[in-house]
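Visitor: Have a look at this one before I ask anything.
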Amino acid sequence: MTANADLLLGIDAGTSIVKVALFDRHGRELAVARRRTPLLSPHPTWSETRMEETWSMAAGAVRDLLGQSGIDSHRVAAVGLTGNMVGVWLMDARGEPVRNAILWNDGRTQSLIDRLSAATPDFMSIVYQASGSVMQQGCTLPLLRWLAENEPETLDRAATIFCCKDWLCYRLTGAIQVDPTEASVMPGDARARGYSDAMFELFGLQPYRQRFPALRAPESVAGELHATAADQTGLRAGTPVIVGAGDVPASAVGLGAVRPGVACTLLGTNILNCLVMDTPSFEPVDTGLLFCLPGERWLRATVNVSGTTSLDWFIAQFCAQESAAATSQADLFGRLEALAQSSPVGANGVLYLPYLSGLGITTPFVEPAARAEFFGLTDHHTRADLLRAVYEGIALSIRDGYATLQQPVQEIRLSGGGAKSAFWSQMIADCTGRHVIVPEGSEFGARGAALLAAVGLGWYTSVTEAAEATAGSGRRYVPAPAYGELYDRLYQVYQHLQYDLRPAWQKAAGR
Numbered sequence: 001m002t003a004n005a006d007l008l009l010g011i012d013a014g015t016s017i018v019k020v021a022l023f024d025r026h027g028r029e030l031a032v033a034r035r036r037t038p039l040l041s042p043h044p045t046w047s048e049t050r051m052e053e054t055w056s057m058a059a060g061a062v063r064d065l066l067g068q069s070g071i072d073s074h075r076v077a078a079v080g081l082t083g084n085m086v087g088v089w090l091m092d093a094r095g096e097p098v099r100n101a102i103l104w105n106d107g108r109t110q111s112l113i114d115r116l117s118a119a120t121p122d123f124m125s126i127v128y129q130a131s132g133s134v135m136q137q138g139c140t141l142p143l144l145r146w147l148a149e150n151e152p153e154t155l156d157r158a159a160t161i162f163c164c165k166d167w168l169c170y171r172l173t174g175a176i177q178v179d180p181t182e183a184s185v186m187p188g189d190a191r192a193r194g195y196s197d198a199m200f201e202l203f204g205l206q207p208y209r210q211r212f213p214a215l216r217a218p219e220s221v222a223g224e225l226h227a228t229a230a231d232q233t234g235l236r237a238g239t240p241v242i243v244g245a246g247d248v249p250a251s252a253v254g255l256g257a258v259r260p261g262v263a264c265t266l267l268g269t270n271i272l273n274c275l276v277m278d279t280p281s282f283e284p285v286d287t288g289l290l291f292c293l294p295g296e297r298w299l300r301a302t303v304n305v306s307g308t309t310s311l312d313w314f315i316a317q318f319c320a321q322e323s324a325a326a327t328s329q330a331d332l333f334g335r336l337e338a339l340a341q342s343s344p345v346g347a348n349g350v351l352y353l354p355y356l357s358g359l360g361i362t363t364p365f366v367e368p369a370a371r372a373e374f375f376g377l378t379d380h381h382t383r384a385d386l387l388r389a390v391y392e393g394i395a396l397s398i399r400d401g402y403a404t405l406q407q408p409v410q411e412i413r414l415s416g417g418g419a420k421s422a423f424w425s426q427m428i429a430d431c432t433g434r435h436v437i438v439p440e441g442s443e444f445g446a447r448g449a450a451l452l453a454a455v456g457l458g459w460y461t462s463v464t465e466a467a468e469a470t471a472g473s474g475r476r477y478v479p480a481p482a483y484g485e486l487y488d489r490l491y492q493v494y495q496h497l498q499y500d501l502r503p504a505w506q507k508a509a510g511r
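In structure tokens:
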């Protein structure tokens, strides 16, 4: 580290966009650069990406950031890493990708999971009791079992099985490891904060156990940037690189959600509603997710895999006029919000269930066949009503997520693309009846990774100290009492629809 190295670089490899941000030692965001990583879908429900492309986009985004900001790379004291979680990223003995990475939102394993569940009726409960999470189709172990059955030659070539951020770490430093936030949700052992030999046995994957790297703490130094990576990124060779954490725990750290009882919602492609706990909670059973949080704490979470996806879909299908007229993305969303606000609270009786992804739901119950619906339509309803219903349906899903956790929540820290909207943030406060805080900044995953780097350098003594010292105040949205009763009634209808439609969803899926 050079004497004037006073900044931290965070890299967040999201599902479709790599985000890179620079922060000072107080956690203030100074510069951001982004590059898009194309997603591949060779078959319906499949979701893949090219590993080399993820690396090249990350390296390119770092170059963009340094070039656009004019900041000398010698000022970068360390690099922190985060990225989309689980999936399968395979590397051969030469350090080359074996195949495209399979991502967390891939759905190819559903028939496999159904078959394993039929053979062992309490299969999903066994997984849940170890991991604290409802297993999703894109988790590492079911995907690995699918590869063992369908592409055995692929696994024959694989020397290392790890995750997105770990691939980036290898390309930066040559170091190979996984951290506990990833290992515990593959599925793994949430209590022990790591892999689970029992899970490898349950999936019949014992022969591949040794191909998973050793675990290292998220805030530990993985290695130093080597010369080749320095040439590709523009960073200084020898810059320390921190192991990092998965994007959900890293975002919680970046949001300052590190104390038990603090809640945070990540409103992006998918929605995660998280509550910090000092012990792992497995209640309510067989629903939600449980993440290890850096600093020996846990995040209990509920998820809706169709977050801003619902809004993106509506824009693409019904808002061509606004899209054509908009001069920027900010202008487009300003136009959309004006349209939505022309419909009253409650969207004139239209209700939207935001289950658009095709992967179903895991909250408040697990139902892979769940699908999106507009409810209450008449010939008097307008496009504005439907658009407002989409915004409100997603807000109601956030309320539903916290209700499922059955724990008191006083305020919610909100991040993700949806948090940029003051209109939506206020709606979420009104709908949940909770204060909503949107912290300063935009890239909280990258910020969390950078704060882990600050701890690794010794700038802070703990993850908790780093997160709280840099949290700031942000914008606060207070629930409007006038809308409380209306949203209570809408939420009751929302709950009824979920349960009443379940048999129809199953019948439509042929179950």
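For the sequence shown, the working numbering begins at 1 and goes up steadily by one. We treat Cβ as the ideally placed atom computed from N, Cα and C, and that holds for glycine.
(1) Report, in whole angstroms, the separation of the C-beta atoms of Thr362 and Gly474, which I expect to be a contact under 8 Å.
(2) Run through DSSP, which three-state label would Val438 get?
(3) Is the beta carbon of Leu267 closer than 8 Å to that of Ser133?
(4) Are the beta-carbon atoms of Pro249 and Cys292 separated by less than 8 Å?
(5) For Leu490, is the classification buried or exposed, using 16 other Cβ atoms within 10 angstroms of its Cβ as the cut-off for buried?
(6) Go to Pro284, then tell me how far its alpha helix (DSSP H) extends in each direction, as first and last residue.
(7) Using the Cα positions of Trp89 and Gly246, report the straight-line distance between them to the nearest angstrom.
(8) Measure the alpha-carbon distance for Ala229 versus Asp72 and round it to whole angstroms.
(9) Please name the residue or residues paired with Tyr352 in a DSSP beta bridge.
(10) Just tell me which of His43, Ala61, Trp46 has its CA closest to the CA of Gly14.
(11) May I ask which residues mark the beginning and end of the alpha helix (DSSP H) holding Glu182?
(12) Report yes or no: do the segment 408-415 and the segment 378-385 share at least 3 C-beta pairs separated by less than 8 Å?
(13) Check whether the segment 316-336 touches the segment 272-281, counting contact only when three or more Cβ pairs, one atom from each stretch, lie closer than 8 Å.
(14) Have a look at Asn4, Asp64, Gly95 and flag the residue whose alpha-carbon is nearest the alpha-carbon of Ala159.
(15) Which residues in the same chain as Ala59 place their Cβ atom closer than 7 Å to its Cβ, once the five residues preceding and following it in sequence are excluded?
(16) Exposed or buried, what is Asp488 when buried is set at 16 or more other beta-carbons lying within 10 Å of its beta-carbon?
(17) My assumption, with CB atoms under 8 Å, is that Trp146 sits in contact with Arg108. Please give the rounded CB distance.
(18) Distance check for Val178 and Leu202, CA to CA, integer angstroms please.
(19) Out of Gly417, Thr82, Pro503, Leu396, which has the shortest C-alpha to C-alpha gap to Leu486?
(20) For Pro218, which residues in the same chain have their Cβ closer than 7 Å to its Cβ, ignoring the five residues on either side in sequence?
(21) Could you tell me how far apart the beta carbons of Thr269 and Thr308 are, in whole angstroms, since I believe they sit closer than 8 Å?
(22) When the Cα atoms are used, what is the spatial distance from Thr239 to Val79?
(23) In or out: Thr140 buried (at least 16 other Cβ within 10 Å) or exposed?
Guide: The relevant details are as follows:
(1) With 8 Å as the limit, Thr362 and Gly474 do not qualify as a contact, their Cβ atoms being about 29 Å apart.
(2) It is a strand residue.
(3) The answer is no: Cβ separation not under 8 Å.
(4) It is a contact, given that the beta carbons lie within the stated cut-off.
(5) Buried.
(6) Careful: Pro284 lies outside any alpha helix (DSSP H) and carries neither H nor E.
(7) Each residue's alpha carbon lies about 14 Å from the other.
(8) Roughly 17 Å between the two C-alpha positions.
(9) Looking at the DSSP assignment, Tyr352 forms a beta bridge with Phe374.
(10) Out of His43, Ala61, Trp46, Ala61 has the C-alpha closest to the C-alpha of Gly14.
(11) Where Glu182 is concerned, the enclosing alpha helix (DSSP H) starts and stops at 180-183.
(12) Because the criterion of three Cβ pairs below 8 Å is not met, the segment 408-415 and the segment 378-385 do not touch.
(13) As far as the Cβ criterion goes, the segment 316-336 does not touch the segment 272-281, which means the pair count is below three.
(14) The shortest Cα separation from Ala159 among Asn4, Asp64, Gly95 belongs to Gly95.
(15) Scanning its chain for C-beta atoms nearer than 7 Å, with the 5 sequence neighbours on each side dropped, one finds around Ala59 the residues Gln232, Thr233, in chain order.
(16) When all chains shown are included, Asp488 counts as exposed.
(17) Confirmed, Cβ separation roughly 6 Å.
(18) The straight-line gap from Cα to Cα measures roughly 21 Å.
(19) Measuring C-alpha to C-alpha distances from Leu486 to each of Gly417, Thr82, Pro503, Leu396 identifies Leu396 as the nearest.
(20) Result list for Pro218: Asp179, Thr181, Val243, Gly244, Ala245, Pro294, Leu452, in chain order.
(21) Confirmed, about 6 Å.
(22) Whole-angstrom Cα-Cα distance: 7 Å.
(23) Counting Cβ neighbours within 10 Å, Thr140 comes out buried, since at least 16 surround it.
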